[in-house]
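Here is the structure we will look at, set down as structure tokens.
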Amino acid sequence: MFGYQPNNPKGQYHGEQLIKVSGEGELALQPDFASVNLGVITEKKELISAQQQNSIEVTKVIHSLLSLGISKDHLQTFDYRIESDYDFEQGKQIFRGYKVTHILQVKIEDLSMTGKIVDTAVQNGVNYVANVQFTSKNKNSVYQQALSIALNNAIEKAKTIAKTLNVQLIPTPTLVIEGGNMVNPLYNQPGTFVKGISSTQFEPGQILVKASVSAEFHYRAAAY
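Sequential numbering of the sequence shown, starting at 963, is according to our numbering.
Printed below as a string of structure tokens:
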């Protein structure tokens, strides 16, 4: 977040009135990058056995993804957990075994491969799929454009208010505060979650980039 407030050494705004407005800007763009979390969850009575089987399954999954052309640089361990499992019978806690979870984050540059990557991973041992997300490498530059639109929107609002009041607007804002940014898909949810199933078709849709600002303008009574 940033703030902009010009120096006012001579107090030229003293006695003038204030208009406060907000502005919004948004742009849509096509995603060119995807990521998905693929995990293997192994449950066994013995911890060492659970770890060993989980390691074998994850290694198999990694090899299957590499065979599809996924770079090693695009495979990263997202989470690794060992948990104790219990059943509850008649108010008593009964130890059932251990659950080992190893989740990989896979980055995908060819969006048409998303479904195949998920299917291949499931066929090779993945039983947890989450956070299928589509994004764009250009979202930062697009956000700058949306921010410019938001500021222009605020300026136009201030002009409209001043014109309606029949007052003279000082067109340069004395304060501009960035309200934050949002990057959301238009047609798909950012947190897709499935467990134990796979889908052969993912629709990237479009990404909506939003920016907002608040701004303050001074005005004076119109000269007659």
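Ideal Cβ positions, reconstructed from N, Cα and C, are used throughout, including at glycine.
None of the values given here were measured: they were computed from a predicted structure.
query: Considering only the beta carbon of each residue, do Val-1068 and Val-998 sit closer than 9 Å?; result: yes
query: Based on DSSP bridge pairs, tell me the residues matched to Ile-1065.; result: Gly-1001 and Asp-1041
query: What residues match up with Glu-1178 in a beta bridge as DSSP calls it?; result: Lys-982 and Leu-1137
query: I need the straight-line Cα distance from Thr-1021 to Gly-1167, nearest angstrom please.; result: 32 Å
query: For Asn-1089, tell me which candidate among Lys-1101, Lys-1121 and Val-1062 has the shortest Cα-Cα distance.; result: Val-1062
query: Would you check if the stretch 987–1002 and the stretch 1070–1080 touch, i.e. whether three or more CB-CB distances between them fall below 8 Å?; result: yes
query: Rounded to the nearest angstrom, how far is the Cβ of Tyr-1181 from that of Ile-1132, given a contact under 8 Å?; result: 6 Å
query: Inspect the CB distances between the stretch 1034–1049 and the stretch 1094–1104 and report whether three or more fall short of 8 Å.; result: no
query: With which residues is Thr-1097 paired in a DSSP beta bridge?; result: Phe-995
query: In angstroms with no decimal places, state the Cα-to-Cα distance between Val-1091 and Val-1080.; result: 8 Å
query: Determine the direct distance from the alpha carbon of Leu-1030 to that of Ser-1017, and round the result to whole angstroms.; result: 20 Å
query: Given Val-1023, which residues of its chain have a CB within under 6 Å of its CB, disregarding the five upstream and five downstream residues?; result: Ala-1083, Asn-1086, Gly-1087 and Val-1088
query: Looking only at its own chain, which residues have a Cβ that is under 6 Å from the Cβ of Ala-1177, when we skip the five neighbours before and after it?; result: Val-983, Ala-1116, Pro-1135 and Val-1138
query: Identify the residues that DSSP records as bridge partners of Leu-989: which are they?; result: Val-1171
query: Starting from the C-beta of Phe-1164, find all residues in its chain whose C-beta is less than 7 Å away, skip the five residues before and the five after it, and write them out in chain order.; result: Thr-1076, Gly-1077 and Val-1094
query: Among the residues of its own chain, which have a CB less than 6 Å from the CB of Ala-1112, if the five just before and after it don't count?; result: Gly-985, Glu-986, Gly-987, Ala-1173, Ser-1174 and Val-1175
query: Give me the residue from Ile-1003, Ser-1026 and Gly-1141 with the minimum Cα distance to Gln-1015.; result: Ile-1003
query: Kindly give me the distance between the Cβ atoms of Arg-1058 and Asp-1072, rounded to whole angstroms, as I take these residues to be in contact under 8 Å.; result: Rounded, the Cβ-Cβ distance is 42 Å, inconsistent with contact.
query: At a cut-off of 8 Å, is Thr-1122 close to the ligand GTP when judged by its beta-carbon and the heavy atoms of the ligand?; result: This structure simply doesn't include the ligand GTP, nor any ligand for that matter.
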